[in-house]
Amino acid sequence: MNSLYDNRTLQWIVYFVFFAVLAVLPMFIENAFTTNLFSRFIVLGMLALSVSVVWGFGGILSLGQGIAFGLAAYGMGMTMQMQSQDPVNAPIPSFMLTNELTELPALWIPFWHTPTGIALALIVPTIFFGVFGAMMFQARLVGVFVAIVTLAMLSAWYSMAFDMQPYTAGFNGISPPAPLNIAGHAIDPYSHEAYWIVLAFLAALTLGMKLLLSTKFGLVVQAIRDDPERARFLGYSVAGYQVTIFTISGFIAAVAGVLWVMIVQYVSPTALEVQFSVSMVIWAAVGGRMSLLGAIIGAFFVNGIQSYLGDELLYGFLLVLGGLFIVIVRFLPNGLAGLLEMALARIGRSKAPGPDAEPGTPPVAASAAPRSQV
Amino acid sequence: MSVDHFWTAFAFGPFMNALLIGLSVASIWLIAALGLAIVYGTMGVINMAHGEFVMLGAYSAFVLERYLGVPFLACIPCAFVIVAAIGAVIELGLVRYLYRRPLDTLLATWGLSLVLIQTVRLILGPEPKNIASPEFLNSSVQFWVFSLSLFRLFVIAVTLATFAGTWWLMHRTRVGLMVRAVMQNKEIASAHGIDTGRVYTLTFAYGAGLAGLAGAMFGAIKNVFPDMGSGYIVEAFLVVVVGGVGSLIGSLVSAVGLGEIYSVFAYFTNGTFAKFWLFLLVVVFLRFRPQGLFAESLGRR
Amino acid sequence: MDGKRRTFLKTSTAIATTAGAGSLGGFPYFFVKDAGAQSTPWVKKGDKIKVGVLFSLTGALAVVETDSNQVVQFAIDKINKAGGIAGMQVEPVIIDAKSDIKVFSEKISQLILKDRVIATFGGYTSASRRAMAPVVMARDHLLYYPTCYEGRECTQNIVNTGPLANQHSQDLIPFMVKSFGKKTYFVGSNYIWPKESNKNAKVWLEKVGGELLGEEYVELGGSDFSSIFNKIRQTKPDFIFSTVVGDSDIALHKQFKQEGFKVDKMPIAALTTGEIETRAMGAEFGAGHFLSAPYFQTLDTPTNKKFVEEYLASKYGKGGVTHYNMEETYLSVWAFKYAFEKALAKAGSVEAITPRMIRDVTPGIRIEDDVSPEGLVYFDETCHLYMKPKIGQCQANGQFKIVKAADAHIAPDPFVIYPERGVCKFDGLHTKDGKVLKNVL
Chain U
475 MNSLYDNRTL QWIVYFVFFA VLAVLPMFIE NAFTTNLFSR FIVLGMLALS
525 VSVVWGFGGI LSLGQGIAFG LAAYGMGMTM QMQSQDPVNA PIPSFMLTNE
575 LTELPALWIP FWHTPTGIAL ALIVPTIFFG VFGAMMFQAR LVGVFVAIVT
625 LAMLSAWYSM AFDMQPYTAG FNGISPPAPL NIAGHAIDPY SHEAYWIVLA
675 FLAALTLGMK LLLSTKFGLV VQAIRDDPER ARFLGYSVAG YQVTIFTISG
725 FIAAVAGVLW VMIVQYVSPT ALEVQFSVSM VIWAAVGGRM SLLGAIIGAF
775 FVNGIQSYLG DELLYGFLLV LGGLFIVIVR FLPNGLAGLL EMALARIGRS
825 KAPGPDAEPG TPPVAASAAP RSQV
Chain H
48 MSVDHFWTAF AFGPFMNALL IGLSVASIWL IAALGLAIVY GTMGVINMAH
98 GEFVMLGAYS AFVLERYLGV PFLACIPCAF VIVAAIGAVI ELGLVRYLYR
148 RPLDTLLATW GLSLVLIQTV RLILGPEPKN IASPEFLNSS VQFWVFSLSL
198 FRLFVIAVTL ATFAGTWWLM HRTRVGLMVR AVMQNKEIAS AHGIDTGRVY
248 TLTFAYGAGL AGLAGAMFGA IKNVFPDMGS GYIVEAFLVV VVGGVGSLIG
298 SLVSAVGLGE IYSVFAYFTN GTFAKFWLFL LVVVFLRFRP QGLFAESLGR
348 R
Chain V
22 MDGKRRTFLK TSTAIATTAG AGSLGGFPYF FVKDAGAQST PWVKKGDKIK
72 VGVLFSLTGA LAVVETDSNQ VVQFAIDKIN KAGGIAGMQV EPVIIDAKSD
122 IKVFSEKISQ LILKDRVIAT FGGYTSASRR AMAPVVMARD HLLYYPTCYE
172 GRECTQNIVN TGPLANQHSQ DLIPFMVKSF GKKTYFVGSN YIWPKESNKN
222 AKVWLEKVGG ELLGEEYVEL GGSDFSSIFN KIRQTKPDFI FSTVVGDSDI
272 ALHKQFKQEG FKVDKMPIAA LTTGEIETRA MGAEFGAGHF LSAPYFQTLD
322 TPTNKKFVEE YLASKYGKGG VTHYNMEETY LSVWAFKYAF EKALAKAGSV
372 EAITPRMIRD VTPGIRIEDD VSPEGLVYFD ETCHLYMKPK IGQCQANGQF
422 KIVKAADAHI APDPFVIYPE RGVCKFDGLH TKDGKVLKNV L
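Residue numbers (my numbering), protein chains in the order written: chain U, 475 to 848; chain H, 48 to 348; chain V, 22 to 462.
See below:
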C-alpha cells in the first residue's frame, strides 16, 4: 500500500509537510513584493479549495463561486473604506458624490464598525449560498443545469454591482486608501504577518475539510456525487447534503474574498466576472479536483505561470497557457495530482485508478444523456 | 438627476417598437445560440470556444472582404464554410478524445478559446476591424408606429432562414435522422450501423459553421476584435438551457421570450438593469422547470 | 534578539538566492533579495533611469493601451537619442497588464518593489487607476496616469496628463447648442466617468439654456443601442452628447446610421470618438460627428506635424494614426523628464531623488509649444494640466477638421462641482474647517 490514494497516514503527513514548507517560506523571502504575491496565490488557492470541495467531492459544478468571493470582498472593501472616512469632514466615500448621495446609505452604515463589517462580509455570502443552494437542490437540479443556473446568478450579481453605482462605485470599484487596521494595529499587506494570517486560514480550512470529508457526512456527500439516485433510495436527504456542502464551499470562498481585499486593498465587479469564476474551476482541474491539496497546488501553478510567463513572453503567454490546458485535459484527466498518483502507483505497483476511470462519470454517461451526472 | 430619468413612461409607439427590438435582440441571441444548441444537444459537449467561432466568422468575413474584395453578402456563406472546416479539424484533433469526459471538454475548449484569441491577435493585430456592409442595409424603414433598421431586419431574416434550414436538415433528411438517432442513444445507433464518429464530426463542424455565419453578421452591426466572442457566450447558454436541451423549437421560443423580456425591461429602465432581471428570471424559471421549455429526447437517465 | 534574527534571515536569503537560481530556474525573481530598504537610492549615478510601463497588450483593453505602450517607448527612444535625462539613459520596464484589474495591482507592486523603477506610466481606465493607487500611495511612489478621468480625487502620488471632466465639455456644450439647438440627449457607458462628465455637462447646459431630454447608460462593452435609439427617436433631440467608450462607441456610431438617423440633423458630440475609433468603425460612420479633445492629428503646428511624421515612420507607428489619448501619454514622458531634471537641481545628486520628490516639483512645469504637439500645457499645484480643449468635426477620411479652439487655457479642478468637500491643493484636500486630508480617493 504505497499509494497515496489509499494510505491515509501518508496523506496527513503530506498535508502537514506542505503547510510547514509554506509557513517557513517567508523566512527565505526578504522581498515585500514576492511576499505579497505569495499571499495572493494562497488566497487563490483557497478558491481552488472551495471548488474542489463542491465539485470534486460534492459533484456539483458551480460556476458561481465568484458570488461568495465577490460579496465578501465588497463587504471587506466597504469596511476598510469606512475606516478611512472621517465622520465630520468626509462622512461618505467620494464616489457617492457623483451619484447625488449626501449621507451614508443604510446599506453602508454597519460598516463603520469594523468587527460587524467583517462578520457581515462572511455571514451574508454564506447565508446566500444556503438559500440559493436550497432553491437549486430541492428542485433536483443536476450537472450542467447547476453550472448554468450558478452562471446566470453570477451574471445577475455582476450586472447589479455595475449598475448600483451609488453603493458600489460600479466599474471603478472601491479602493480603500489605507491598509486594514485592527484595534490600532495596521496589517501591512506586504508583510510576513499578512502572509501568515492568510496561510493560517488556508491551513485551517484545508485540514478542516480533510477531516470533514473523511467523516460519515463526507462519505455520504461523495456517495451522492457518484450516484445521487442510489443515495436517495438508501434514504439520505440528497438535497440536504448538497445544500450543506454547497454552503460550506461558499463560506470558504467568502473567507478568500475577505482576505483578498485585505492584501490587495481593492474590489471591483471583476471579482464577479464569469471569466474569473471559470478560471477557479480551471485551477482545480489542473491540479486535480479530487484532491484538496492538488487543487490548491493547481492554483499556485497556473497563477505562478501566468505571473511569470506573462512578463517573459508578453504576447505569447496566452498561447502557452491555452496549450497547457489542452494538453493537461487531453492527457492528464486527473490533473497534476493524477500524475503524482500514477507515478506513485507505478513505483508501488499498487492499483491506482487509471486515467480514464473518473468517479462521477461512468463511461456511458456521455452518450446516454448530456444532462446526466457530471 | 439620475432618479428623474430612471423610469421611462409608457408611450404606445415606442413601446411597440421596443417589442420589435425584442425580436431583433432575439434573432441575434438565437443565431449565436443555434450552433451551441446543436453541438450540446447532440454531443453533450459544452463548447466554451463557441464565442471564438463567432469571432473567427467575423474575421473570415473581414479578410475576404478587405483583401479579396468579396461582397459582404457572399462573405456570410463563406464564413460558414471556413469556420465549419476549422470546427471539423478541431473535432478530429481534440474534442473527439474527450467524449467520455464531458466536463473536461469545458476545460479543453476554454484553453482552445485562449489559443484562438491570441493567434488571431498576433496575426491580425489587436485593433478593431470594420466590415463594410452594403449601403442599402445602412438605412431604416418606417411603417405604422414601427421603425427598424434594415440591417436588423436582414439579421432577423437570415436567422429565420438558417433556423428553417437547420430544422429541415434535422427532421427531413437522412443525415438529420442519424444525428437524432445518435442524440437519443449512441450505442443503439452505433449498433444499427451509424458511424457515430462521423456524425459527431459533421455536427461539430455544422455548429461551428453556424457560429461563423453569426459572426459575419455581428461584425457588420458592431465591430470585429479578438475578444468579441466572450460577449455572446452567456446569453447563448441561457437560450439553450431555457429552451430545453436538444430542442430546436425550444431555442427559438426561449430566444424570443428572453429577447422580449430584456427589451421591455430596457425600455422602462435601462440595459444593465434589464440584464439583471433577465438573469434572475432565468434562475427562478429553471428552479421550477429545470428541463427547460421543451425537453426532447433526453435519453435514459 | 532582533539582530540575531536579521542575520539568520540574511544568511538564509543568500542560500535561497543561490538555490533559487539553480534548482528553481523557472522562477528566479521569486527568491531575489529585496533591494527595497529605504536608504537604497532609486537611481544610481552612471546607471540607467528605470521607469515602469504598465499597459494591456492582450485582452479587451489592448485596443487602446497597445498604442499607449508604443508611444511611451517612442518618447523614451527620442529622449535617449537626444542624450537622455541629465545625461542618463532611460530604461523602460515593459509589462503586460492583460486587461485584468488584478494584474494591474500585482504588477505595479512588482515594478515598485522588485524592479525598483522610479516612476510608472500606466492605465487607461479609472478601474485600473483605482487598483494601482493604494499600492502607489502605500509606498509613497509615483504614477503617471495619462488619460482623461472624472476627477474628484486628491492624491499626492499621481500625476495626470489627461483632461479632467470639467475641462472637456466647457466649450463643447455651448458650441453644440448654438449650432444645432437647445435639446440634447445624453448617452454614456454605465460607469462613473461618463456620469461625472455628464454632471459637468449639465452645468454648462444650464448656463446656455439648453434642455436635457433624457440620460441613458449602456453597459460597458455592450453593443446594442436599439433600445436607446428607440427612446431618442421618441424625444427628438437636436444633438446627442456621448460619453460611450471603447467598442460600444463604435457600435453606437454604426447603429446611428443603420437606424436611419441623419448626421446633419442630429449629430453626436462626443468626448471619446477620436481618430482610432473613426478608423475602426469606418470613416463613413464617423463623418459629420463632433469630438472635444485637447489634441487632433490634423492640428496645424510645426511640432505636431513633426510628431505625426516621426511617429508614423517609427517602428511604433504601425497603427497609422495619432490620437488624443496617445498624445497625452506622450506628454507624460516629457513631464517626467522635466520634473526629474528639476528635482535633480534641487536635490543635488541623482541618488537623493525619490519618486515623491519628482511629484513635488511637478507643479509649475511647462511643456512648451516646441515639444508638446497640442501646444503649451502646464501643471497646476494638484499635478493636473492646464490645457486648451478643441472641437473637431470628423471628415470623410476619418480625420478631424478643427472648428473651434479654446481661447485661453482652462484650469483643471477635480472638486469643482463639490465645493462643500473642500479645495484640492498641493498637499491634500483642504476642507472647510481647515483640515488637510491626504490621499482622498
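Think of the CB as a built atom: it goes at the ideal place given N, C-alpha and C, for glycine as much as any other residue.
Taking a beta-carbon distance threshold of 7 Å, T572(U) counts as an interface residue toward chain V.
One thing to note: L145(H) has its Cβ within 7 Å of the Cβ of T152(H). Between T299(V) and G419(V), the CB-CB gap stays under 7 Å. Under the three-pair Cβ rule at 8 Å, the segment 327 to 336 of chain H does not count as touching the segment 646 to 659 of chain U.
With contact defined as three or more Cβ pairs closer than 8 Å, the segment 282 to 302 of chain H and the segment 64 to 76 of chain H are in contact. Residue pairing of N655(U) in beta bridges, as defined by DSSP: A660(U). For chain V, the residues of the segment 559 to 571 of chain U that bring a beta carbon within less than 9 Å of one of its beta carbons are D560, V562, N563, A564, P567, S568, F569 and L571, in chain order.
In the same chain as L295(H), and ignoring 5 residues on each side of it, the C-beta atoms closer than 6 Å to its own belong to W214, in chain order.
Straight across, the Cα-Cα distance linking L523(U) with G530(U) is about 10 Å. Nearest CB-CB separation between N460(V) and chain U: below the 7 Å threshold. T182(V) is the residue among T182(V), T264(V) and K220(V) whose C-alpha sits nearest the C-alpha of Y399(V). For S568(U), no beta strand (DSSP E) segment is defined, and its DSSP state is neither H nor E. Counting of Cβ neighbours within 10 angstroms places F183(H) among the exposed residues, the total staying below 16.
Looking at the DSSP output, D560(U) sits in a beta bridge with A564(U). Chain-ordered listing is empty here: chain V has no CB closer than 7 Å to the CB of S74(H), the nearest sitting near 11 Å. For the pair of segments examined, the segment 583 to 595 of chain U was found not to touch the segment 709 to 726 of chain U: the number of CB pairs separated by less than 8 Å stays below three. At a beta-carbon threshold of 7 Å, the residues of chain H lying near A626(U) are L285, F326, V329 and V330, ordered along the chain. A56(H) has its alpha-carbon roughly 7 Å from the corresponding atom of F315(H). As computed with DSSP, Q414(V) is found in a beta bridge with F311(V) and K422(V). At a C-beta separation below 8 Å, D637(U) has these neighbours in chain H: N317, T319, F320 and F323. Comparing alpha-carbon positions, the option among G617(U), I726(U), L810(U) and G796(U) lying closest to I516(U) turns out to be I726(U). Contact check for V111(V) against I97(V) passes: the beta carbons are separated by less than 7 Å. Y238(V) is bridged by DSSP to G209(V).
Here A155(H) is not near A252(H), since their CB atoms are 7 Å or more apart. For the 7 Å CB-CB criterion, A186(V) and G172(V) form a contact.
Under the three-state reduction of DSSP, T293(V) is assigned to coil, being neither helix nor strand. Judged by DSSP secondary structure, G304(H) falls within the alpha helix (DSSP H) whose first and last residues are L295 to F315. Scanning chain H for C-beta atoms nearer than 8 Å to the C-beta of S633(U) yields T319, F320, K322, F323 and F326, reported in chain order. The segment 214 to 229 of chain H makes no contact with the segment 301 to 317 of chain H: fewer than 3 CB pairs, one atom from each, lie closer than 8 Å. Where C445(V) is concerned, the enclosing beta strand (DSSP E) starts and stops at V444 to K446. For V398(V), the beta-bridge partners assigned by DSSP are I388(V). At a cut-off of 7 Å between C-beta atoms, G796(U) counts as an interface residue with respect to chain H. Pairing S629(U) with F603(U), the inter-Cα distance amounts to about 15 Å. Listed in chain order, the positions of the segment 233 to 251 of chain H with a beta carbon within less than 7 Å of a beta carbon of chain U are K233 and E234. For G449(V), the secondary structure class from DSSP, reduced to helix, strand or coil, is strand. Across the structure, N219(V) and Y206(V) are spaced so that their CA atoms are roughly 10 Å apart.
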